[in-house]
Amino acid sequence: MAKIKGAIVVDINGCKGCELCITACPTEVIFLSDDVNVKGYHYAYMANPDVCTGCSNCAIICPDGVITVYRKKIS
Amino acid sequence: MEEFVLMKGNEAIAEAAIRAGTDGYFGYPITPQSEVIEYLAAAKPHERTGMVLLQAESEVAAINMLYGGAGAGKKVMTSSSSPGISLMQEGISYIAGSELPCLLVNVVRGGPGLGTIQPSQSDYFQSTKGGGHGDYNLIVLAPASVQEMADFVSLGYDLAFKYRNPVMIQTDGALGQMMEKVKFKPQQPRSKKSPDWATTGKTPDRERIIITSLDLDPSRQERFNEKLQVKYRTIKENEVRYEKIQCDDAEYLFVAYGTSSRICQKSMQMAREEGIKVGLFRPITLWPFPYNEIREMAGQVEGMLSVEMSAGQMVEDVRLAVEATVKVDHYGRMGGIIPSSEEIVEALKQKIIGG
Amino acid sequence: MAENAITTKELIKKENLVYQKTKLLTDDVMHYCPGCGHGTTHRLIAEIIEEMGIQSEIIGVAPVGCSVLMYNYMNIDMQEAAHGRAPAVATGIKRLLPEKYVFTYQGDGDLAAIGTAETIHACNRGENITIIFINNGIYGMTGGQMAPTTLVGMKSSTTPYGREVSQMGNPIKMTDLVANLPGTYFVSRQSVHTPGNVRKTKKAIRKAFEYQALNKGTCFVEVVSNCPSGWKMTPLESNKWLAENMLPFYPLGDMKVPEQ
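Chains as they are written, first to last, in the working numbering: chain A, 949 to 1023; chain B, 13 to 367; chain C, 29 to 288.
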């Protein structure tokens, strides 16, 4: 069975920590970091990379366009 | 060869607008200048040159349509009368603040408020001292004949594009409604190209263009204002226009523009028949104002009478010009009353010669 | 079955790229508060312009309000309009550059209060422009005052005890109004509070741009959005509040579609 594997890259210093991506993610991949970025925001990061499907929901809801999504079908 | 035609001043502005290659006229009817848009509607400018004509829902909308069209690099104009021009002031300030060219026509009527529909010159302060908010100036042309009403349209566009600044033709209901002979310039083609500062769609070969008057950074906003002031100084140095009539031997001087200057010509003739040597200084550009040229006259004459259809507005600039070296007074009528030649001569005698 | 494990590092390659910020947005970090729907809607417009390949053919008009600086983020030619006058400015541009795409982007104060006349008349004339209307029921930029679209009972800094109809009148449904005008061709109300809604909004805005080329009239898309700061909520709370309170009064969907 083919498996979809995904990954995201967050532009850390563009992230404002609004958390919309966290609720948009169907597989609970994203969490807010304990660290803060240059603007002082806790930023989103890929906490559970193993379950990311690359569905892009996080990037689509992101008001600041800081999420880049990669996806690959693995057979 | 173009022939003379007999035409109202308002109509002459409209015909001249088509011939000057205007791209768009946006306006809202108001007495005493509705003939401008009516003439344009009847003249089918779209068939003649492709010119756009649109009756807007308000003066507020009209001036902002000008902003959009001017930002696209096009030759755009509107016409209105005093209350309508007041409504446009916000947009005019934005146009000046965004350094866009456009042509505004104010066929002045008496105010304040709704006032009257009769001619007046009581918008001088509004036209020449800014009008809207912020430090800006309009270039203000004051025609005194139907011929000048026509000629100042293309002159107005030339100045507007040369300096990227709004230009106003300030006239009044008398000149707008008056019929005189006028000779038009041949049809100018509409420009096919937009200037390089215009928003026409960002192509790969250039950066995006933003038309705005906003800058939240005070130091940048101050630098922009300084740049504007440099431009205004250049205009003051190069664009002062005026006419001197029988000033060579003058011992007294009328200072008057537009309709008032025409009446003063008759007053001058009557005074000279009585042996009073009076000349007429007619500012053609109300801004930039001919301060230096009037100051020069101060060395020659014994007194100046600023004749305006207002409570006395231009007289302040005349006083500034002469710097108290010579007596200056004002004579005017308000509320749409046009002074007679006789009363002006009488005022000269009482306020300047005998005073 | 063998482990088909692939590391994240191996995934992050150009050939696997499925979503990235469009080049039609500049690198400037938007000034909007965290979670604000303006950013999302800006991005959708930029993506559509890129996908349609019309960067050189489009001129945008920015409003006054929170999105006054929209032109800093869009890599296209734009004009900044006076408060409420964007439809008039767009009319001037479109009439003189009829072959170009022209759009306005306006908030509820700009479009539905101070600019009501310009909105109604541009739509009634059927100007061939696209109007994007962000409705978050509050004045964000000036600090959370009542908007014409503020819901009955909704708190704002000028209605601290809630909007009272007897004093402040009713919220206005501008999109319903313009849908009734003969000059509009496509009118839709969408939102950006879930990924699914963002996708629907993108489709609606894309149609509103594509239809412009037909010269059939004004295309108008309302985007019901949030204002976490003005509503005094977290971004997540604001989107929940939007779904529970804004959407019953401002229901989503196409309100006027071209006749087949």
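Where is the CB? At the ideal position from N, CA and C, for every residue including glycine.
Asked, Found
"Roughly how many whole angstroms lie between the Cα atoms of Lys1021 of chain A and Lys37 of chain C?", "15 Å"
"Output the boundary residues of the alpha helix (DSSP H) element that contains Lys174 of chain B.", "158 to 175"
"Classify Gly88 of chain C as helix, strand or coil using the three-state DSSP reduction.", "strand"
"Can you check whether the CB of Thr158 of chain C is closer than 9 Å to the CB of Val249 of chain C?", "yes"
"Please classify Thr35 of chain C: is it buried, with 16 or more other beta-carbons within 10 angstroms of its beta-carbon, or exposed?", "exposed"
"Label His66 of chain C either buried or exposed according to how many other C-beta atoms from any shown protein chain fall within 10 Å of its C-beta, with 16 as the threshold for buried.", "buried"
"Starting from the C-beta of Val984 of chain A, find all residues in its chain whose C-beta is less than 6 Å away, skip the five residues before and the five after it, and write them out in chain order.", "His990"
"When DSSP builds the beta bridges, which residues end up paired with Phe293 of chain B?", "B:Lys256, B:Val267"
"Touching or not, the segment 222 to 236 of chain B and the segment 257 to 265 of chain B, by the rule of three or more beta carbon pairs under 8 Å?", "no"
"Report yes if the C-beta distance between Ala964 of chain A and Pro62 of chain C is below 9 Å; otherwise report no.", "Sequence check: residue 964 of chain A is Lys here, not Ala. A contact, by the Cβ cut-off of 9 Å."
"Counting only runs that start and end within the segment 34 to 93 of chain C, where is the beta strand (DSSP E) found for 3 or more residues in a row?", "45 to 47, 86 to 90"
"For the segment 41 to 129 of chain B, list the alpha helix (DSSP H) runs that are entirely contained and at least 4 residues long, ordered along the chain.", "47 to 55, 57 to 60, 71 to 83, 94 to 109"
"Using a Cβ-Cβ cutoff of 9 Å, what residues of the segment 58 to 71 of chain C are near chain A? List them in chain order.", "Met58, Tyr60, Cys61, Pro62, Gly63, Cys64, Gly65, His66, Gly67, Thr68, Thr69, His70, Arg71"
"Can you find at least 3 beta carbon pairs, one from the segment 194 to 213 of chain C and one from the segment 141 to 148 of chain C, that sit closer than 8 Å?", "yes"
"Distance check for Glu358 of chain B and Gln312 of chain B, CA to CA, integer angstroms please.", "22 Å"
"Rounded to whole angstroms, what is the Cα-Cα separation between Glu265 of chain C and Pro256 of chain C?", "8 Å"
"Do you know whose CA, among B:Val242, B:Gln138, B:Pro57, B:Lys339, lies nearest Arg202 of chain B's CA?", "B:Pro57"
"In this structure, what does DSSP give as the bridge partners for Cys247 of chain C?", "C:Thr158, C:Phe214"
"Which stretch, first to last residue, makes up the beta strand (DSSP E) that contains Ile978 of chain A?", "978 to 984"
"Note down, in chain order, all residues in the segment 58 to 78 of chain B with a beta-carbon under 9 Å from any beta-carbon belonging to chain C.", "Val64, Leu66, Ala68, Glu69, Ser70, Val72, Ala73, Ala74, Ile75, Asn76, Met77, Leu78"
"Tell me which residues share the same chain as Asp959 of chain A and place their Cβ nearer than 6 Å to its Cβ, disregarding the 5 neighbours each side in the sequence.", "Val1014"
"Are at least three pairs of beta-carbons, each pair with one atom in the segment 190 to 201 of chain B and one in the segment 159 to 170 of chain B, less than 8 Å apart?", "yes"
"With burial defined as no fewer than 16 other Cβ atoms inside 10 Å of the residue's Cβ, what is the status of Phe266 of chain B: buried or exposed?", "buried"
"For Arg253 of chain B, which residues of its own chain have a beta-carbon under 7 Å away from its beta-carbon, when the five flanking residues on both sides are left out?", "Ile296, Thr297"
"Can you find a C-beta in chain C that's less than 9 Å from the C-beta of Ala32 of chain B?", "no"
"List, in order along the chain, the chain A residues whose C-beta lies closer than 7 Å to that of Tyr47 of chain C?", "Ser1004, Ala1007, Thr1016, Val1017"
"Chain C beta carbons: is any one of them nearer than 9 Å to that of His145 of chain B?", "no"
"Closer than 9 Å, Cβ to Cβ, to anything on chain B: give me those residues from the segment 97 to 115 of chain C, in chain order.", "Leu97, Tyr99, Asn100, Met102, Asn103, Ile104, Asp105, Met106, Gln107, Glu108, Ala109, Ala110, His111, Gly112, Arg113, Ala114, Pro115"
"Please list, in chain order, the residues of the segment 78 to 92 of chain B that have any C-beta partner in chain C closer than 8 Å.", "Leu78, Tyr79, Gly80, Gly81, Ala82, Gly83, Ala84, Lys86, Val88"
"Looking at C-alpha atoms only, which residue of B:Val179, B:Gln67, B:Arg31, B:Gln138 is the closest neighbour of Glu59 of chain B?", "B:Arg31"
"Rounded to the nearest angstrom, what separates Lys204 of chain B and Met77 of chain B at their Cα positions?", "20 Å"
"Taking all protein chains shown into account, do 16 or more other C-beta atoms lie within 10 angstroms of the C-beta of Arg6 of chain B, making it buried, or fewer, making it exposed?", "There is no way to answer for residue 6 of chain B, as the model of chain B reaches only from 13 to 367."
"Do Arg294 of chain B and Met321 of chain B come within 9 Å of each other at the CB atom, strictly closer than that value?", "no"
"Would you mind sorting Asp329 of chain B into buried or exposed? The rule is 16 or more other CB atoms within 10 Å of its CB.", "buried"
"Contact between the segment 85 to 93 of chain C and the segment 182 to 191 of chain C: three or more CB pairs below 8 Å?", "no"
"Does any residue of chain E have a CB that is nearer than 9 Å to the CB of Val226 of chain C?", "Protein chains in the displayed structure are A, B and C, and chain E is not among them."
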